[in-house]
Amino acid sequence: MTLPLTLTEDLAARFARIALGHVTREYPNHLAHALAGPEDVRTPRALHPVFFGSYDWHSCVHGYWMLAYLLRRFPQAVPAAEIGELFDAHLTRENVAGECAYFAPATARGFERPYGWAWLLKLAAELTCHEGRGWSEALTPLAEVIVEQFRAFLPKAAYPVRVGTHLNTAFALRMAADYAEAAKDPAFTELLANAANQWYGSDSDCPSWGEPNLDDFHSPALVEAECMRRLLPPARFHAWFDRFLPGVARCEPAVLFQPPTVTDRTDGKIAHLDGLNFSRAWCWRSVASALAPDDPRRAIAQTAAQRHLAAGLPHVAGDYMGEHWLATYAVVALEAGN
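Converting from the sequence shown to this note's numbering requires adding 1 to each position, the first position being numbered 1.
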């Protein structure tokens, strides 16, 4: 079956149904939970009153983001009433207070840093577009907790993390920038931009020889480029990109243009590679949108994005190891550059 390479109403409805099937599914569950004593042995729902489903905390957060985004983009196509009922029931001040409390102990200092932090702020940014529903106001205290976590962490982070998984710092800065804009917080934007410049500003001639690793769902090279596109003024980004990936016009490094092979979609780590297809498509499309229409690299980047999307879209659903999160990344990729 050939799937469209744009986000249609049919795809939006399908993806929303997938998310509704897992954001409140408590088990199976992969907890990243530090125990200070026997009293800390609790169920996912007891630990996380809102984000207890979708196999892990961060996937539940971005499942909510996808539902909120699709509700805004395709209100007549998605099951809007079900999404509204879900948010009304779970995005309450009491439940969010429980999520905030989880971050208070010293044992939770690094919880979901930085990937889950980034997605929480992305969700908070999206909810500001849903005025009059009370969801944004309910989530604001948790967003403020996460912003303070970033403010405490970034000045101490002397080095970036360049892996293709949850610890990638470029992805976190990129997503947090959307919240800073939505919240009209120029000081936070400046903090993020300063970190990006410190970590990545002098990078050049990226070889990408280590991509992909077996469990990557980000391209360290391309997500860094997308981070800098988001946080640098256009002229500075163009100069930086020319230095960072000087071979794009020749489709080099070749590895960035070839979708990865996924050998076992029941293995959660190997299934990450389906997400890599979407993440690369997102980055290629976003970078293409920043290039001039007559720049030959624009068409090359767009073609690379289409190739990766075509490789990933047939595998959004099928096994829960991918199904609990891949639709989010498909949406991000399909909407990139719009």
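Note that beta-carbon positions come from the ideal geometry of N, C-alpha and C, so glycine has one too.
Who are the Cβ neighbours of Ala183 in its own chain at under 6 Å, not counting the five residues just before and after it?
Ala126, Thr129
For a test of the three-state rule: what should DSSP assign to Gln259, helix, strand or coil?
coil
Quick check on this structure: which residue in Trp283, Phe88, Asp320, Asp275 has the alpha carbon closest to the alpha carbon of Thr304?
Trp283
Below 8 Å on the Cβ atoms is my guess for Ala173 versus Pro115; work out the distance and round it to an integer in Å.
3 Å
Is the Cβ-Cβ distance between His273 and Asp216 less than 7 Å?
yes
Starting from Asn198, trace the alpha helix (DSSP H) both ways and give me its first and last residue.
187-201
Closest by C-alpha distance to Asn30, when choosing among Asp41, Gly165, Leu48, Ala14:
Leu48
Can you find the residues in the same chain that come closer than 8 Å, C-beta to C-beta, to Tyr160, ignoring five residues on each side of it along the sequence?
Trp200
Is it buried or exposed, Asp206, if we count other Cβ atoms within 10 angstroms and call 16 or more buried?
exposed
Less than 7 Å between the beta carbons of Arg1 and Arg175, yes or no?
The chain is shown from 2 up to 339; residue 1 falls before or after that span and cannot be answered.
Using alpha carbons as the reference points, say which of His131, Val146, Thr141, Ala139 lies closest to Phe112.
Val146
Using CA coordinates, which residue listed in Val162, Glu336, Trp118 is at the minimum distance from Gln150?
Trp118
Please classify Pro39 as buried or exposed, where buried requires at least 16 neighbouring CB atoms within 10 angstroms.
exposed
Pro221 and Gly165 closer than 7 Å at C-beta
yes
From Ala186 to Thr264, what distance separates their C-alpha atoms?
It should be pointed out that residue 186 corresponds to Asp in this sequence rather than to Ala. So the two alpha carbons sit approximately 44 Å from each other.
Considering only the beta carbon of each residue, do Ala78 and Ala13 sit closer than 7 Å?
yes
How many whole angstroms separate the CB atoms of Tyr330 and Phe279, which I take to be in contact at a CB cut-off of 8 Å?
4 Å
DSSP-derived helix/strand/coil call for Ser209:
coil
Check whether Tyr56 and His239 have beta carbons under 7 Å apart
no
Cβ neighbour criterion (16 or more within 10 Å) applied to Asn169
buried
Cβ neighbour criterion (16 or more within 10 Å) applied to Pro213:
buried
Please state whether DSSP places Leu77 in a helix, a strand or coil.
Checking the sequence shown, residue 77 turns out to be Gln, not Leu. Gln77 falls in the coil class under three-state DSSP.
Return helix, strand or coil for Leu92, following the three-state DSSP convention.
coil
Helix, strand or coil for Trp326, going by three-state DSSP, please let me know.
coil
Work out the CA separation of Ala250 and Ala17 for me, nearest whole Å.
37 Å
Same chain only: Cβ atoms within 6 Å of Arg26, ignoring 5 sequence neighbours per side:
Gly54
Would you kindly report the start and end of the unbroken alpha helix (DSSP H) that includes Ile271?
Careful: Ile271 lies outside any alpha helix (DSSP H) and carries neither H nor E.
Do Ala226 and Val162 count as a contact pair if the criterion is CB distance below 7 Å?
no
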